[in-house]
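I have placed the structure first, in the form of C-alpha cells, so that the comments after it can refer back to it.
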Amino acid sequence: MKSVWNETCSFPRREPLHGDFVTEAVVIGSGIAGILTASMLQKQGIRVMVLERGRTAAGVTGNTTAKITSQHGLIYSRLIREFGPELAAQYAWANQRAVKSYRELISGQKIDCDYEEKSAYVYTLRDEKAVEDEANAAQKLGIESEYVESLPELPFKVRAAVRFEHQAQFHPLEFLKALSSGLNIYEDTTVFDVRDDVVLTDKGRVTADHIIVATHFPIIDIPGWYFARMHQERSYVLALENAAQINGMYLDEDEQGCSLRSWRNLLLLGGAGHRTGKHPQTSCYDQLRRAAAAFYPQSREVCRWSSQDCVTWDGIPYIGRYSSSARRLYVATGFQKWGMTTAMAAAELITDLVMGRENNCSEIFSPRRFRASASMKKMMADAGCSAAGLAAGLFAPSHRCSHLGCGLQWNEEEETWDCPCHGSRFTADGKPIDTPAIKGLRHG
Ligand SMILES: Cc1cc2nc3c(=O)[nH]c(=O)nc-3n(C[C@H](O)[C@H](O)[C@H](O)COP(=O)(O)OP(=O)(O)OC[C@H]3O[C@@H](n4cnc5c(N)ncnc54)[C@H](O)[C@@H]3O)c2cc1C
29 MKSVWNETCS FPRREPLHGD FVTEAVVIGS GIAGILTASM LQKQGIRVMV
79 LERGRTAAGV TGNTTAKITS QHGLIYSRLI REFGPELAAQ YAWANQRAVK
129 SYRELISGQK IDCDYEEKSA YVYTLRDEKA VEDEANAAQK LGIESEYVES
179 LPELPFKVRA AVRFEHQAQF HPLEFLKALS SGLNIYEDTT VFDVRDDVVL
229 TDKGRVTADH IIVATHFPII DIPGWYFARM HQERSYVLAL ENAAQINGMY
279 LDEDEQGCSL RSWRNLLLLG GAGHRTGKHP QTSCYDQLRR AAAAFYPQSR
329 EVCRWSSQDC VTWDGIPYIG RYSSSARRLY VATGFQKWGM TTAMAAAELI
379 TDLVMGRENN CSEIFSPRRF RASASMKKMM ADAGCSAAGL AAGLFAPSHR
429 CSHLGCGLQW NEEEETWDCP CHGSRFTADG KPIDTPAIKG LRHG
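Quick note on numbering: the sequence shown equals residues 29 to 472 in this note's numbering.
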C-alpha cells in the first residue's frame, strides 16, 4: 500500500549517527517540515544536523496528495470571525507567501518534481452561502479568488465553489530528494529525549544551540503539553487510471467529501477521513471505491494508501518556540492536512526566530495562543476521547499505548494498533509507526 510518490522515488541511504556531536542546530524529523527548515537554516550559514528515526521523508509527507495551496477548506471566513481580520491576514499572507516560495525555490534550483501551477477550488454540494462568504473573505484578505456557480470538469453537479488562482501541485518526494541532497541527515537514529541543549538518541547525543522538533506529532510531552492540545485524523487516497483528466485541484467543503487532483495519467481521489483510533465499521477504501465507481465508472484502481495529520483545537498549526521555558527549542506541528504550505511557513518563521529576526506572521501560529471561542468544541471532544482511552487502557494490559497508556484499537483494515487519544500507531507486532509514541508495545 505504497503511495504513488513512494512507488516512483527513492532516496539514497544515509548512515545513522555514530557517537557524540556539537553543532549549531539540530532538526528532529526529515519530513517536509524538517527538510525545509534545515535547508533554510543552512542557507543562512547555520551548521545543521537532521536526525531521522527511519528513512528520509518516509513519514506522512510520503503519503500526502501534495496540493500547494493557501486554500484550506472554508478557513478565511472562520478566521475573520473567530480571530479578527488582522490575524486572518497573517494566516493568508504566510500561506500565499509559501505558495510563492515553492515556485521560486523550484524554478531557482531547477528542481524536476512535476511542479504545475493550478487553480484550487473548494466546492459545496449543500451551502452556497458558506462558499460565498469564503470568496468574500478571501478577497478581503487580498487573495486572488472568485466565486463560481459550476465546475464543468467534475462529473457531478456542485452548488457553488470558490477558485484561488496561481496555486500548484507537485511530486513531494522528488522535491525533497533534491532539497535534502546537500543536508547532513542521519537515518535510523531515534531521538528519545531532549535535555536542555542536548538531544539524546539511541546512537549518541548531539549538543546544539537550537533544537527544532519536526517529528509530525511532537515527541516531548512536557513542556509544551501538545499531546493534550491535538489529536490525529486519518485520510485515504485511491490512484485511478482511465478516469477523466482534470486541470484544477478540488476539495469538498464537507469534511466527509472528496479531494481530487491529477498526477500524470492518474486521478488521485482522497477522502473518508476519521479520527485515528475510531475506524468506522465499513472500509474507508470501499467508501472511495463507491465514489470512483459512481463518477468514473471506466476507471481502474492502480494504487491506494492512507495517512494521518495533526489537528489542533482551533484549527491553526503550532509553529514557534516550544514553550516559554525552553527558548531555544522550537516546534512545527498541527498542519491540519495542509502541511505543504504551512511547513514552508514554519521553516520561514523558525529560521527568523533562530536568526533573531522579526516575523510578521508569528502571532497567528504562536503555540502559546488560546482562543476559547475557536477551541472549545475540539477541546471538549479531545478531553472526552482521552478520558475514555485512558480508562480503556486500565482494562487492556496487553494493548496499551507506549505513550501514555491509553487502550489501543485494532484497525482491521490496516492491521495496526491505533490510539484514539493522540493518534500513535503500531504494527501488528508492536513496532511504532506514528508519533507521539517513540517506543514499541510490550506484550503480555
Ligand atoms: C492523506 C493526506 C493527504 C494530504 N494532502 C495534503 C495536500 O494536498 N496538501 C497539503 O498541504 N497537505 C496535505 N496533507 C498534509 C501533509 O501531508 C502533512 O501535513 C505533512 O506531510 C506533515 O509533514 P511533517 O514533516 O510534519 O511530518 P512527517 O512527514 O511525518 O515527518 C516527520 C518525520 O519525523 C520522524 N520522526 C518521528 N519521531 C522521531 C524521533 N523520535 N526521532 C527522529 N525522527 C523522528 C518521522 O520518521 C518522520 O520522517 C495531507 C495529509 C494526509 C494524511
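For every residue, glycine included, the Cβ atom is placed at its ideal position computed from N, Cα and C.
Here the structure is a predicted model, which is why all the values come from computation and not from measurement.
Backbone CA spacing between M372 and V241 [nearest angstrom]:
Their backbone Cα atoms lie some 15 Å apart in a straight line.
As an exercise, report each continuous beta strand (DSSP E) stretch of at least 3 residues that is fully enclosed by the stretch 331-370, in chain order.
For the stretch 331-370, the continuous beta strand (DSSP E) assignments of 3+ residues that do not extend past its boundaries occur at 346-351 and 354-361, in sequence order.
Unbroken alpha helix (DSSP H) runs of length 4 or more, entirely within the stretch 379-431: which are they?
Within the stretch 379-431, the runs of alpha helix (DSSP H) that reach at least 4 residues and sit entirely inside it are, in chain order, 390-393 and 400-422.
The alpha helix (DSSP H) enclosing N164, as first and last residue numbers:
Element bounds for N164: E156 to K168.
R262 beta carbon less than 9 Å from that of H199
No, Cβ-Cβ distance for H199 and R262 is not below 9 Å.
Rounded to the nearest angstrom, what separates R233 and F363 at their Cα positions?
Cα to Cα, R233 sits roughly 29 Å from F363.
If we ignore side chains and look at the alpha-carbon of each, how far apart do P445 and S135 end up?
Per the sequence shown, the amino acid found at residue 445 is Trp instead of Pro. Each residue's CA atom was taken as its position, placing W445 and S135 some 42 Å apart.
For ligand 1, is there a heavy atom less than 8 Å away from the beta-carbon of F363?
Answer for F363: yes, Cβ within range of ligand 1.
Check the DSSP bridge columns for I240 and list the partner residues they point to.
DSSP output for I240 lists V55 and Y358 as bridge partner(s).
Tell me the rounded alpha-carbon separation between F255 and F323.
F255 and F323 have their C-alpha atoms some 39 Å from each other.
Given C88 as reference, the closest of H431, W333 and K467 once Cα atoms are compared
The identity of residue 88 in the sequence shown is Val, whereas the question assumes Cys. Of the listed residues, the one whose Cα sits closest to V88 is W333.
Tell me which same chain residues have a C-beta within less than 6 Å of the C-beta of Y278, skipping the five on either side of it?
Counting only Cβ-Cβ distances below 6 Å, and skipping sequence neighbours, we find Y149 and L288.
Proximity test, R289 beta-carbon vs ligand 1 heavy atom, cut-off 8 Å
Yes; taking the cut-off as 8 Å, the Cβ of R289 has a heavy atom of ligand 1 nearer than that.
Under the three-state DSSP convention, the category E193 falls into:
It is a strand residue.
Could you tell me the alpha carbon to alpha carbon distance between A420 and K405, rounded to whole angstroms?
A420 and K405 have their C-alpha atoms some 23 Å from each other.
Smallest Cα separation from E172: which of E202, V50, I139 and H194?
Comparing Cα-Cα distances from E172 to each of E202, V50, I139 and H194, the minimum goes to H194.
Thinking W291 and D142 are a contact (beta carbons under 8 Å), I'd like their distance in whole angstroms, please.
About 7 Å; that satisfies the 8 Å criterion.
Taking only three categories from DSSP, how would you classify T84?
Assignment of T84 by DSSP, reduced to helix, strand and coil, places it in the coil class.
Can you tell me which of the three DSSP states D230 falls into?
Looking at D230 - three-state DSSP - the assignment turns out to be coil, as it is neither helix nor strand.
Opposite K95 in the DSSP bridges: which residues?
Note: K95 sits in a beta bridge opposite Q197.
Classify A320 as buried or exposed, calling it buried when 16 or more other Cβ atoms lie within 10 Å of its own Cβ.
If you draw a 10 Å sphere on the C-beta of A320, you find 16 or more other C-beta atoms in it, and that means buried.
So G47 is in the alpha helix (DSSP H); what residue range does that whole segment cover?
From DSSP, G47 is part of no alpha helix (DSSP H); its letter is neither H nor E.
For E443, is the classification buried or exposed, using 16 other Cβ atoms within 10 angstroms of its Cβ as the cut-off for buried?
Flag for E443 reads exposed.
By the 10 Å Cβ neighbour count, where 16 or more other Cβ atoms means buried, how is G412 classified, buried or exposed?
Exposed, because fewer than 16 other Cβ atoms sit within 10 Å of the Cβ of G412.
Whole-angstrom distance between D282 and L182, CA atom to CA atom:
C-alpha separation (whole angstroms): 16 Å.
Sorry if obvious, but does the Cβ on M404 come closer than 8 Å to a heavy atom of ligand 1?
No, ligand 1 has no heavy atom inside 8 Å of this Cβ.
Give the secondary structure of G472 by DSSP, where H, G and I count as helix, E and B as strand, and everything else as coil.
Here the model assigns G472 a pLDDT of 49, short of 50, so the residue's position is not dependable, and the following value carries that caveat. Secondary structure of G472 (DSSP, three-state): coil.
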